[in-house]
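Peer 1:
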Amino acid sequence: METNAELVKLKPIIRGLVMSHPNHCMSLAELERDFRNTEGYEIPHERLGFSSVYHLLCYIKDTVMVCSDNGRTIVKYVSTSAVAHVERLLRSTPKPRKGRHMHNNLLEKQILLQKKLMVQKKILLLMKVLLQKKSLLQKKSQLQKKSQLQKKSLMQKKALLQKKSLLPQKNLHLNIRKNLANMLMAASHRPNRTPTFGTG
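Numbering (the working numbering), first residue to last: 2 to 201.
Have a look at this one:
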């Protein structure tokens, strides 16, 4: 299930939504709502083989943590070295000031919501870029390994061809030595003929 491409793409989106929340954590209902608002569809837990969004979140322990607070299900993101610069960006982003009548002012609520959505989209974009870079690095590593294997295979073939090319020469030398040895043996077994002189 971990190798499911859709689940791999879903993880940075969920982490980004939780990270961009003012409290850096959110309720399960808020996560489902923000995901629907930013992505335009529900969290596809059933398509990924989970009976609920809760069970899906419990499964991706490398992305978020799920806990309970006064009966509410709270989702917190898991910090990693890959998202450290995003965390620094969030810490440097000034939080909106809470006015006395902010909750009664519809315009201010809309502005805050727009700002929140902008931050979420920016974080999601950064997460997607990180995912693409990771994928490119993996492909590059695979290509390098493949190239090394091909180079090793070519070297082995070259060495084999060199051995094959030397084999006829070696056989020729052996044949020459064998023929020479045969000639020497034949000469050693040949009877010596002594010249005879006639008497006059």
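All C-beta atoms in this analysis are idealised placements derived from N, C-alpha and C, irrespective of residue type, glycine included.
In terms of residues, what are the limits of the alpha helix (DSSP H) holding V54?
Peer 2: Numbered from its first residue, the sequence shown carries residue 54 at position 53. Note, V54: alpha helix (DSSP H), V54 to Y60.
Peer 1: Buried or exposed: H22, going by 16 or more other Cβ atoms within 10 Å of its Cβ?
Peer 2: Taking the sequence shown and counting its residues from 1, one reaches residue 22 at position 21. Per the 10 Å Cβ criterion, buried.
Peer 1: Given a threshold of 16 other Cβ atoms within 10 Å of its Cβ, counted over all protein chains shown, does L58 qualify as buried or as exposed?
Peer 2: Within the sequence shown, numbered from 1, the residue matching residue 58 stands at position 57. L58 should be labelled buried.
Peer 1: Please classify L11 as buried or exposed, where buried requires at least 16 neighbouring CB atoms within 10 angstroms.
Peer 2: For the purposes of this step, residue 11 is taken as residue 10 along the sequence shown, with counting starting at 1. L11 should be labelled buried.
Peer 1: Report buried or exposed for V130, applying the criterion of at least 16 other Cβ atoms within 10 angstroms of its Cβ.
Peer 2: Here the question's residue 130 lines up with position 129 in the sequence shown. V130 is exposed by the Cβ-count criterion.
Peer 1: Note down, in chain order, each residue of its chain lying with its Cβ closer than 6 Å to the Cβ of Y78, except the 5 sequence neighbours on either side.
Peer 2: Along the sequence shown, one-based indexing puts residue 78 at 77. The residues are R16, V19, M20 and V65.
Peer 1: Work out the CA separation of V67 and Q133 for me, nearest whole Å.
Peer 2: For the purposes of this step, residue 133 is identified with residue 132 of the sequence shown, where counting begins at 1. For the purposes of this step, residue 67 is identified with residue 66 of the sequence shown, where counting begins at 1. The straight-line gap from Cα to Cα measures roughly 27 Å.
Peer 1: Could you compute how far the alpha carbon of L161 sits from the alpha carbon of Q149?
Peer 2: The sequence position of residue 161 within the sequence shown is 160, counting from 1. The sequence position of residue 149 within the sequence shown is 148, counting from 1. Approximately 18 Å between the Cα atoms of the pair.
Peer 1: Using DSSP's beta-bridge definition, name the partner residues of M27.
Peer 2: What you label residue 27 is simply residue 26 of the sequence shown in a count that begins at 1. Note: M27 sits in a beta bridge opposite V76.
Peer 1: Using the C-alpha atoms, what's the distance from Y55 back to V9?
Peer 2: On the sequence shown, position 8 is the one that residue 9 refers to. On the sequence shown, position 54 is the one that residue 55 refers to. Spanning the two alpha carbons is a distance of roughly 17 Å.
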